[in-house]
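Novice:
There are 2 protein chains.
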Amino acid sequence: MSAESDTYLARDLSVSAMRLNRRLRLRHVNDRIPVAQLSILTTIFREGSLTAGELAVRERIKPPSISRSSHALVEMGLLKRVPHATDRRQVVLTLTDEGRRVAGEDVAAREKVLADQLGFLTPQQRTTLAEASNILIGIVERVQ
Amino acid sequence: MSAESDTYLARDLSVSAMRLNRRLRLRHVNDRIPVAQLSILTTIFREGSLTAGELAVRERIKPPSISRSSHALVEMGLLKRVPHATDRRQVVLTLTDEGRRVAGEDVAAREKVLADQLGFLTPQQRTTLAEASNILIGIVERVQ
DNA sequence: TATTGTTATACTCTATAACTATA
DNA sequence: TATAGTTATAGAGTATAACAATA
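These protein sequences, in sequence, are chains A and B.
Heads up, the final residue of the first sequence is numbered 146 in the working numbering, and it's a clean run with no missing numbers.
Heads up, the final residue of the second sequence is numbered 146 in the working numbering, and it's a clean run with no missing numbers.
1) Which runs of the alpha helix (DSSP H) at least 4 residues long sit entirely within the stretch 9-52 of chain B? Give them in chain order.
2) Does the CB of A/Ala74 have a neighbour CB from chain B at under 8 Å?
3) Among A/Lys64, A/Arg25, A/Ile68 and A/Ser51, which one has its Cα closest to the Cα of A/His86?
4) Starting from A/Ala58, find everything on chain B with Cβ-Cβ shorter than 9 Å and list it in chain order.
5) Could you tell me whether the stretch 35-46 of chain A touches the stretch 8-28 of chain B, where touching means 3 or more Cβ pairs closer than 8 Å?
6) Which bits of chain B does A/Ile46 rub up against, with CB to CB less than 8 Å?
7) Any residues in the stretch 116-130 of chain B with a beta carbon nearer than 9 Å to a beta carbon of chain A? Which ones, in chain order?
8) Closer than 7 Å by C-beta to A/Met3: which residues in its own chain qualify, once you throw out the five before and the five after it? Chain order, please.
9) Answer with buried or exposed for A/Thr45, where buried requires no fewer than 16 other C-beta atoms within 10 angstroms of its C-beta.
10) Expressed to the nearest angstrom, what Euclidean distance is found between the alpha-carbon atoms of A/Ala58 and A/Pro65?
11) Can you confirm whether A/Asp14, when its beta carbon is compared against all beta carbons of chain B, has any partner nearer than 8 Å?
12) Quick one: which chain B residues come within Cβ less than 7 Å of A/Leu138?
13) Could you have a look at B/Thr88 and say whether DSSP puts it in helix, strand or coil?
14) Does DSSP put A/Lys114 in a helix, in a strand, or in coil?
15) Candidates B/Arg70, B/Ser69 and B/Glu49: which alpha carbon is nearest B/Arg60's?
16) Less than 8 Å between the beta carbons of A/Leu97 and A/Arg83, yes or no?
17) Kindly indicate which residue of B/Val76, B/Arg27, B/Ile35 and B/Ala54 has the alpha-carbon position closest to the one of B/Asp89.
18) Can you name the residues of chain A whose CB is closer than 7 Å to the CB of B/Ala134?
19) At the level of alpha carbons, what is the spacing between B/Arg103 and B/Leu75?
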């Protein structure tokens, strides 16, 4: 890789992240559930019930954002707010049956949305994306 | 790559794009120019003066977003709005001297912001990111 | 009529600061 | 006092719809 392409790697990454993000958000808006809220839903789906604070850590956002999004999900009937067993300050966020159904469907839906696109790729390109995703996660962890 | 990891590739991609985006946006907020506006600035820096419509195509956003962001940049003294030579409906967006300076500096600044993070990576990982960025751009082009 | 761009409006997502309730 | 979470407030970024000016 040349020094010149190194220079633009950061820009290319941020631009492609921004644009991909925009596209995916729009897809989900069409599907009636905003992408950040869907992320919360599927995180709980995968990891099980979590308190608001634990969720904030996993989603890497601040508690107020969790608060807003989780209330929206409760209003949609996808999430329940359960009192914590021993600490009444905490709130345990749990999927409703409908929430579990939606979260489960979303995996398939997302697969479908991107499947067409991934279909254009070679296996090697898919591997590249999977590796890149892991690298990006690591970078995000360190940029604080 | 297993079928299972295939299933989650789309989710991993969208999550890492969202989080990276968030981090980069916050970095730029600290630097006083919002990232989307900076993207406009550097696009014109790289490609030369563009009309609002041309810019909307390149940035993959709708004209109203260009309108808002470009006016903000004009207010900051970074962008000029020049009447089109032959078509008075169109507006040509051109960098001011200050805009050119800021855009130029941004390449270095962005390099500095991510340089620390890229420094943790192996040359092979950087290559992976560069390739992934190109693949993602291609995907974004097709998701319409 | 068609194209270019702006204005009006609305929504998502996020943050920081200030607050409440509980530990 | 410290912690968990909410409310209040602000700002970025985006879209669609309706509009004005020009071709």
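For every residue, glycine included, the Cβ atom is placed at its ideal position computed from N, Cα and C.
On a predicted model such as this, the values are computed, not experimentally measured, just so you know.
Specialist: In short:
1) 37-49
2) no
3) A/Ser51
4) Simply none; closest approach about 13 Å.
5) yes
6) What A/Ile46 touches in chain B: nothing, since even the nearest Cβ is about 14 Å away.
7) Leu116, Ala117, Asp118, Gln119, Leu120, Phe122, Leu123, Pro125, Gln127, Arg128, Thr129 and Thr130
8) Below a pLDDT of 50, predicted positions are generally treated as unreliable, and A/Met3, at 43, falls in that range; the measurement from the model is reported next regardless. None.
9) buried
10) 6 Å
11) yes
12) Ser18 and Leu22
13) coil
14) helix
15) B/Glu49
16) no
17) B/Ala54
18) Thr130, Leu131 and Ala134
19) 14 Å
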